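Residue numbers (my numbering): 1403 to 1616.
Every residue, glycine too, gets a C-beta built ideally from N, C-alpha and C.
Bear in mind that the values here come from a model prediction, so they are computed numbers and not experimental data.
Have a look at the structure below, then the notes.
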Ligand SMILES: CC(C)(COP(=O)(O)OP(=O)(O)OC[C@H]1O[C@@H](n2cnc3c(N)ncnc32)[C@H](O)[C@@H]1OP(=O)(O)O)[C@@H](O)C(=O)NCCC(=O)NCCS
């Protein structure tokens, strides 16, 4: 349990993971061409299933993929999945603990292309978020915010619609990032304030979680 009712589970993308899927998950994985995509999808679902068990749900619940790509969580559960370079993470909570979650994982050595880094951080943000890897940390946090708000019906939005106010030093325990989200996006999601954003290390990965309270 990460904190306040949120469960985080990790799963390595290993050969044979896709054989552990069933129902609509297995059907979807069979439709995929690339072995690496199969591996990451399966790892995400295994992590999701473990998270659901931690929340007290019965074993073996499938988390199908909706037409828009969002995972379809069981009734009264919210969650999010992310994967990168051999590792998947799933976050889940009961809907009285969270109204929406978004998670993102990035390999800490990933180099963001200059053009992407320039899109992620505004001049204003650069004054407070500096140093090596600043762009990647901001990218990870903003992707988590996007996934959280997308699950509440936000239209596609880009990095400049989220403003990070700080970037704490990373540790194994989550640290909080303060953020602002444009009025229009909040309104589309029926929110008065932006999600709470956390960020931490997991081995050689950076993980960020955005959460709207239930
Ligand atoms: C959806 C999106 C955020 C996925 O990010 P990604 O870095 O490619 O991949 P991740 O591994 O982190 O996440 C993929 C998982 O997100 C979930 N997902 C897919 N579409 C989603 C959506 N619209 N909203 C929330 N989650 C979504 C799925 O579980 C998917 O994994 P699966 O297909 O194996 O089930 C990205 O593709 C996208 O559409 N971005 C556009 C908006 C954006 O990035 N704006 C900038 C941030 S402010």
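At a cut-off of 7 Å, the beta-carbon of residue 1558 counts as near ligand 1: some heavy atom of the ligand is closer than that. With distances taken between CA atoms, residue 1547 lies nearest to 1580 out of 1580, 1532 and 1575. Annotated three-state conformation of residue 1417 is coil, per DSSP. Cβ neighbours of residue 1488 within its own chain (closer than 7 Å, five residues either side excluded): 1414 and 1415. Proximity of the beta carbon of residue 1482 to ligand 1 is indicated: a heavy atom of the ligand is located closer than 7 Å. Within the chosen limit of 7 Å, ligand 1 does not reach the beta carbon of residue 1610 with any heavy atom. Between the alpha carbons of residue 1605 and residue 1555 lies a distance of about 33 Å. In this structure the segment 1442-1452 touches the segment 1416-1431; the number of beta carbon pairs closer than 8 Å is three or more.
Residue side-chain check: residue 1571 keeps its Cβ at 7 Å or more from all non-hydrogen atoms of ligand 1. Within the same chain, and ignoring the five residues on either side of residue 1603 in sequence, the residues whose Cβ sits closer than 8 Å to its Cβ are 1510, 1572, 1573, 1574 and 1609.
For residue 1474, the number of other beta carbons within 10 angstroms of its own is below 16, and it is reported as exposed. Using a 10 angstroms sphere on the CB of residue 1412, the tally of other CB atoms reaches 16 or more, which defines it as buried. For residue 1486, the closest C-alpha among the options 1438, 1515, 1599 and 1583 is that of 1438. When DSSP states are grouped into helix, strand and coil, residue 1468 belongs to the coil group. Here DSSP, grouped into helix, strand and coil, assigns residue 1438 to helix. For residue 1496, there is no enclosing alpha helix (DSSP H); the enclosing beta strand (DSSP E) covers residues 1489-1496. Excluding five sequence positions before and after residue 1591, the CB atoms of its chain that fall closer than 7 Å to its own CB belong to 1551, 1554, 1555 and 1556, given in chain order. By the Cβ criterion, the segment 1518-1531 is not in contact with the segment 1500-1509, since fewer than three pairs of Cβ atoms, one from each stretch, lie closer than 8 Å. Out of 1455, 1470 and 1448, the CA that lies nearest to the CA of residue 1491 is found in 1448. Cβ contact annotation for residue 1561 (same chain, cutoff 7 Å, sequence separation greater than five): 1521, 1522 and 1544, in chain order. A direct Cα-Cα distance of roughly 13 Å separates residue 1418 from residue 1424. Short note on residue 1511: C-beta not closer than 7 Å to any heavy atom of ligand 1.
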